[in-house]
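In the working numbering, the protein residues as written are 395 to 872.
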């Protein structure tokens, strides 16, 4: 509903870099016959020049039109109206080759110059913008002339010129599913490519996946931005040892299109499930597989809950200043990216760990420093336990460690991932390099014990740190 500026004098027309239009010789009769002459800034304005569901055609779409009509050497005649002067809106004689066999009914609306703002060529020549740029200052157009049967294509005009505009109806977009890689028991990386947006840049793209052959957006989906080109998405929280089917999708104002279906099979979980408790669910409904290590039963992935056990919401979204100053339970997501939440879980300060409302599911608790020590001793001591705890996955596998991931065997099935930290000043660091896990044990009013694993060591390191730090959390069964 925004008004497009008009009535610009020659100087203003030459200098504007905003959308504007003119009417040939400022004569409303010409507006009625030929339409308005828009500069290119109006063509590409995000508010949209054409009606909803329509768009200004790209250079490629103009080429499709001319090829359909027999090629550029004859398409002009098929596009031009057969009307000639003195018929209102008609072409000046000879209107060479005009048949209007296409029904396009092109009329010679002329142009407004980008150099001096003058009008020229009404009834002799028609100029139409495409939406495609040719340089930082110019864009591609099409020209029809009274003395030619051809259409002149790929003609560059300065963006400040005033040309006619036609609109083309949006179509269904086109998308391909190109690859599935880095498959783990719980995750996979999928790549797709939007080949055509159907003329609607306000599209939504992603992937849909299920255990049935042709998944749709009514199944599980990801959303991975907008626009043309190659994109990727992370599939998370998959079921181990299961065959999935995945398709790229893109939705625009016309509808949803799907790429080809690809299948993949997730791997089996390492380690041994806890007897009688193969999995546990938190208050948010997040599912955690379990792993039995010695006499201890652990969750096999980092905690993701956004609520305490009693249902109270754990504060989040704290800026750096608030994160530094809070002495209440809170959590962060690394770089505020939900993909990191899905892969590594949340980063909780220690006040959340010791909150009486409970961080772990009912029947579970955050392990004490002594329980971490029992774990490392069972795995051969601190100098080798890190390797037995670390996932063997390495980048670019989703959630993987940076190389060299020294000593990693994951022989325990613990599947430790490098979720990094949020420091006491509020900054994030260490993802893919380090994993930090709180214990429930307090050293002082301001510090608590934690365990650290590093990509360059097979050790597990025990240390104390400021309770304002944001670390990962694992849960142990009571």
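We treat Cβ as the ideally placed atom computed from N, Cα and C, and that holds for glycine.
Beta-carbon within less than 6 Å of residue i's beta-carbon, same chain only, minus the 5 sequence neighbours each way: which residues are those?
i: residue 688; result: 772
i: residue 616; result: 600, 601 and 627
i: residue 735; result: 727
i: residue 778; result: 852
i: residue 561; result: 444 and 448
i: residue 824; result: 814 and 815
Could you pull out every residue in the same chain whose Cβ sits closer than 8 Å to the Cβ of residue i, ignoring the five residues on either side in sequence?
i: residue 638; result: 582, 603, 604, 605, 629, 632, 657, 658, 659 and 660
i: residue 757; result: 674, 871 and 872
i: residue 837; result: 843 and 858
i: residue 550; result: 528, 529, 532, 533, 534 and 535
i: residue 468; result: 491, 543 and 544
Per DSSP, what kind of secondary structure is residue i in: helix, strand or coil?
i: residue 849; result: coil
i: residue 678; result: coil
i: residue 547; result: strand
i: residue 768; result: helix
i: residue 423; result: helix
i: residue 833; result: strand
i: residue 733; result: helix
i: residue 558; result: strand
i: residue 528; result: coil
i: residue 534; result: strand
i: residue 428; result: helix
i: residue 718; result: helix
i: residue 741; result: strand
i: residue 747; result: helix
i: residue 435; result: helix
i: residue 577; result: coil
i: residue 785; result: coil
i: residue 657; result: strand
i: residue 780; result: helix
i: residue 821; result: coil
i: residue 468; result: helix
i: residue 686; result: strand
Could you please give me the residues that DSSP links to residue i through a beta bridge?
i: residue 602; result: 615 and 641
i: residue 843; result: 858
i: residue 870; result: 692 and 759
i: residue 587; result: 570 and 624
i: residue 650; result: 645
i: residue 539; result: 519
i: residue 668; result: 671
i: residue 633; result: None, per the DSSP bridge assignment.
i: residue 456; result: For residue 456, which the question treats as bridged, DSSP gives no partner whatsoever.
i: residue 724; result: BP columns for residue 724 are empty, so no partner.
i: residue 864; result: 816
i: residue 415; result: 432
i: residue 372; result: The structure shown has nothing for residue 372, since the chain only spans 395 to 872.
i: residue 582; result: 629
i: residue 448; result: 563
i: residue 795; result: 788
i: residue 828; result: 848
i: residue 552; result: 532
Tell me, to the nearest whole angstrom, how far the beta carbon of residue i is from that of residue j; I am working on the premise that it is less than 8 Å.
i: residue 591; j: residue 646; result: 6 Å
i: residue 697; j: residue 753; result: 7 Å
i: residue 563; j: residue 447; result: 7 Å
i: residue 525; j: residue 450; result: 4 Å
i: residue 685; j: residue 808; result: 6 Å
i: residue 790; j: residue 618; result: In fact, because the Cβ distance is near 16 Å, the residues do not count as touching under 8 Å.
i: residue 691; j: residue 710; result: That pair is no contact at about 28 Å.
i: residue 738; j: residue 793; result: 6 Å
i: residue 776; j: residue 770; result: 5 Å
i: residue 699; j: residue 676; result: 4 Å
May I ask you to check if the CB of residue i is nearer than 7 Å to at least one heavy atom of the ligand SAM?
i: residue 701; result: Judged by which ligands are present, the structure shown has none, so any question about the ligand SAM falls away.
Ordered along the chain, which non-local residues of its own chain (more than five positions away) have a Cβ less than 7 Å from that of residue i?
i: residue 861; result: 743, 744, 745, 840, 841 and 842
i: residue 623; result: 587 and 588
i: residue 542; result: 470 and 490
i: residue 664; result: 804, 807 and 809
With a cut-off of 8 Å, does the C-beta of residue i fall near any C-beta of chain D?
i: residue 502; result: Chain labels in this structure do not include chain D; a single protein chain is all it has.
- Message: Between the region 820-840 and the region 800-807, can you find at least three pairs of beta-carbon atoms closer than 8 Å?
- Response: Judged by Cβ distances under 8 Å, the region 800-807 makes no contact with the region 820-840, as fewer than three pairs qualify.
- Answer yes if the region 781-801 comes into contact with the region 717-732, meaning at least three C-beta pairs across the two stretches below 8 Å, and no otherwise. no
- Message: Quick test of the definition: if touching needs 3 or more C-beta pairs under 8 Å, does the region 514-527 touch the region 492-506?
- Response: yes
- Would you be able to state if there are at least three C-beta pairs under 8 Å between the region 524-539 and the region 561-575? No, because fewer than three Cβ pairs between the region 561-575 and the region 524-539 fall closer than 8 Å, the two stretches do not touch.
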